[in-house]
Amino acid sequence: MKKLFGVIGLGRFGGSICKELSKEGKEVLALDADEDKVNEYKEIATHAVIADSTDELALKELGFRNIDHVIVAIGDNVHASILTTLILKEFGVKRITVKAQNDYHEKVLQKIGADEIVHPERDMGKRIAHSIISSNVLDY
Ligand code: ATP
2 MKKLFGVIGL GRFGGSICKE LSKEGKEVLA LDADEDKVNE YKEIATHAVI
52 ADSTDELALK ELGFRNIDHV IVAIGDNVHA SILTTLILKE FGVKRITVKA
102 QNDYHEKVLQ KIGADEIVHP ERDMGKRIAH SIISSNVLDY
C-alpha cells in the first residue's frame with residue numbers, strides 16, 4: 002500500500018516539505034490552522050485541511066491515526082508542537098519528525114518519543130559553513 006505522509010504547519014519549512022513530497026508523487030495530507038496557508042496548498046497536496054492540531058478529536062476524524070509518517074512543522078508555538086506530537090504518539094503513528102525551536106523543546110520532544118528532531122536553520126547553517134570551508138580549500 003502507498004505510504005501516507007502528513008504535514009502539520011505550512012510555514013516555510015512545512016510548506017517546502019509538503020511541496021517536495023507532493024512533487025515526488027507522495028500522498029500528503031497537509032494541515033494548518035490558517036485558512037490562507039491551506040488554500041495555498043489545496044492544489045499541491047493530496048488533501049489540505051484547516052484544523053487546530055492540538056484538537057485530538059479533529060486529528061482523529063481526519064484519519065491521522067492511519068498516516069505512516071507525520072512531520073510536525075509548527076515553529077513558534079512550542080506548546081502546540083509538543084501537544085500535537087503527544088497526540089500523534091498516542092495514536093501510534095509509526096514515524097514522527099518534529100521541528101524543534103530550541104534545546105528545551107528538543108529535550109521534551111525526546112522524552113515523549115519523537116522519532117526524529119530537526120533544527121532546520123541550525124542544520125542548514127552548519128552545512129553552509131562546511132561548504133564554505135570546502136570551497137575555500139579548493140580556492141587556496
Ligand atoms: P517557518 O520558519 O517554517 O516559516 P515558523 O518556524 O515561523 O515557520 P510558525 O509560523 O510559527 O513557524 O508555524 C508554522 C505554521 O504552523 C503556521 O502556518 C501556523 O499557522 C501553523 N500552526 C501553528 N500552530 C498550529 C496549530 N495548533 N494547528 C495547526 N497549525 C498551526
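Residue numbering for the sequence shown follows our numbering, beginning at 2 and increasing consecutively. Heads up, the beta-carbon is just placed ideally off N, CA and C, and yes, glycines get one too.
By alpha-carbon distance to Glu28, the top candidate from Lys4, Val50, Val39 is Lys4. Taking C-beta atoms under 8 Å as the contact rule, Ala74 and Gly15 qualify, at a distance of about 3 Å. Excluding sequence positions up to five before and after Asp116, its CB lies within less than 6 Å of the CB of Arg96, Ile97, all in the same chain and listed in chain order. Only exposed fits Ser136, as fewer than 16 other CB atoms lie within 10 angstroms of its CB. Distance from the CA of Asp56 to the CA of Ile134, rounded to the nearest whole angstrom, comes to 46 Å.
Ranking Gly10, Gly76, Ile83 by CA distance to the CA of Gln102 puts Gly76 first. In the three-state reduction of the DSSP assignment, Thr86 falls in the helix class. Using a cutoff of 7 Å, the CB of Phe65 does not count as near the ligand ATP, since none of the ligand's heavy atoms is closer than that.
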